[in-house]
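J.:
In the working numbering, the protein residues as written are 17 to 351.
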């Protein structure tokens, strides 16, 4: 069975890029800046309802940019007139594109949960669903089915193509990141060429994918599988320890907040509170709780109200049996 030529795809991508380099670079710069600004807003949105709204807005913006980028790249490849306003032309397809994106995320995540390889196969098979929504106005499920259909028999080559594109962009990043201004657009246009080829393989000149290429793809999958397992194990351990350290830092911050409130209480009344709950709401809006147990910290009044201790147990930062305490009298009342 003939399949597409990776070399031919990259040459087509390069040739289309050369025709309008400034326009294409500008497209990627504009979308990257918009994405970064909205992403920064989402990362600094605080908490509660505001965080939810801003993160939903961020997700919607990424969907709109993805739709517009796909349309413009298709038009550049097809040598059809296009400009930056086309980023917003396919807005009427927003719902279809959104549902398609969510469905693909669910399928791929479930695939990766099933020992990774099914996730790789699903990601490759569904990789052109976005193009089909924009280019052919297909519904979410229809686009996914058609993507699976057109990629059938070509998934080994698509995997190799994806790895080739990945390493090309790594080389672009090594050139102080500037090379990405060329390698990313060329890779994107090369992918459009692959999409166009897969739609009409019988009309296109293809190549025979040899057994050696299939062997390389098999080895690549095996390496990715092993690497993913090692990454999960390493990241899991690091993440768990990092989370424990983060919670310990929170505990110290909480105890110092309570200590500061108790100091103000002492200055006002001449003694420390019998119970830390007496600090609310006049001296502290609400009592912080242990981030691990979600319970109040251990507070004990000492010396008839002229001193106290409030303690916690660390997870990652080990002191004396992991115990950490703050006292009312360090160098004086409340200090």
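C-beta atoms are modelled at their ideal positions from N, C-alpha and C, and glycine is treated no differently.
1. What's the gap between the Cα of residue 293 and the Cα of residue 286?
2. Check each candidate in 198, 36, 166 and name the one with the smallest Cα separation from residue 353.
3. Is residue 300 close to chain C? Criterion is C-beta to C-beta, closer than 8 Å.
4. Bridge partners of residue 323, per DSSP?
5. Locate the beta strand (DSSP E) running through residue 343, then write down its first and last residues.
6. Put residue 216 into one of helix, strand or coil per three-state DSSP.
7. Rounded to a whole number of angstroms, what is the C-alpha to C-alpha distance between residue 350 and residue 263?
8. Quick one: Cα of residue 44 to Cα of residue 108, how far?
9. Between which two residues does the alpha helix (DSSP H) containing residue 135 stretch?
10. Under a Cβ-count criterion, where at least 16 other Cβ atoms within 10 Å of its own Cβ denotes burial, should residue 290 be classed as buried or exposed?
11. Using the C-alpha atoms, what's the distance from residue 100 back to residue 49?
12. What are the residues that DSSP puts in a beta bridge with residue 329?
13. Since residue 314 and residue 295 should fall inside the 8 Å C-beta cutoff, what is the C-beta to C-beta distance between them, to a whole number of angstroms?
14. Answer yes or no: do residue 52 and residue 70 have a C-beta to C-beta separation smaller than 8 Å?
15. Excluding sequence positions up to five away, which residues of its chain have a Cβ less than 7 Å from the Cβ of residue 299?
16. Any idea if residue 125 is buried or exposed, counting beta-carbon neighbours within 10 angstroms, 16 or more meaning buried?
17. Per DSSP, what kind of secondary structure is residue 311 in: helix, strand or coil?
18. What is the DSSP secondary structure of residue 267, counted as helix, strand or coil?
19. Apply the 10 Å Cβ neighbour rule to residue 310 and answer buried if 16 or more other Cβ atoms are within range, or exposed otherwise.
20. Note down, in chain order, each residue of its chain lying with its Cβ closer than 7 Å to the Cβ of residue 151, except the 5 sequence neighbours on either side.
21. Can you give me the C-alpha to C-alpha distance between residue 176 and residue 312, rounded to a whole angstrom?
22. Does residue 94 pass the burial test, meaning 16 or more other C-beta atoms within 10 Å, or should it be called exposed?
T.: Result, derived from the coordinates:
1. 17 Å
2. For the chain, the structure presents residues 17 to 351; residue 353 sits outside this window and is missing.
3. In the structure shown, chain C does not exist; there is a single protein chain.
4. 318
5. 339-343
6. coil
7. Any reading at residue 350 must be qualified, since the residue scores a pLDDT of 37, below 50, and its modelled position is unreliable; the value itself is stated next. Cα to Cα, the separation comes out at about 25 Å.
8. 22 Å
9. 133-141
10. exposed
11. 14 Å
12. 339
13. Between residue 295 and residue 314 the Cβ distance is about 15 Å, and since that is not below 8 Å, they are no contact.
14. no
15. 277, 280, 281
16. exposed
17. coil
18. helix
19. exposed
20. 90
21. 55 Å
22. exposed
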